[in-house]
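Novice: In the working numbering, the protein residues as written are 4 to 63. By construction, the Cβ of each residue, glycine as well, lies at the ideal position given by its N, Cα and C atoms. This structure is a prediction, so every number in the text was calculated from the model and none was measured.
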Amino acid sequence: MENKLEKIIVEKLNSIEEDLAYIKQHMMEKEDALSEEEFNTYIRRFDKENLERLLNVLNR
């Protein structure tokens, strides 16, 4: 059961990572783009929040 949950979480995180990479790649306006540090901070926060939500749903 845990392996299945881990696989689901990894798949979700990979999907999120792909989406964020696409967004960063396609930001054309410099004023709209995040700095590398801001973007990395956003990714870490986003990943943590999503993991916590996934774990909360799975633990219900």
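1) Taking DSSP as the reference, what is the three-state secondary structure of residue 38?
2) Considering only their Cβ atoms, is the gap separating residue 16 from residue 46 smaller than 8 Å?
3) Using a Cβ-Cβ cutoff of less than 8 Å, which residues in the same chain neighbour residue 53 once the five nearest sequence positions on both sides are dropped?
4) What span of residues does the alpha helix (DSSP H) with residue 6 cover, start to end?
Specialist: Once the coordinates are examined:
1) coil
2) Their beta carbons are not under 8 Å apart, which means residue 46 does not touch residue 16 by this criterion.
3) 15, 16, 19
4) 5-28
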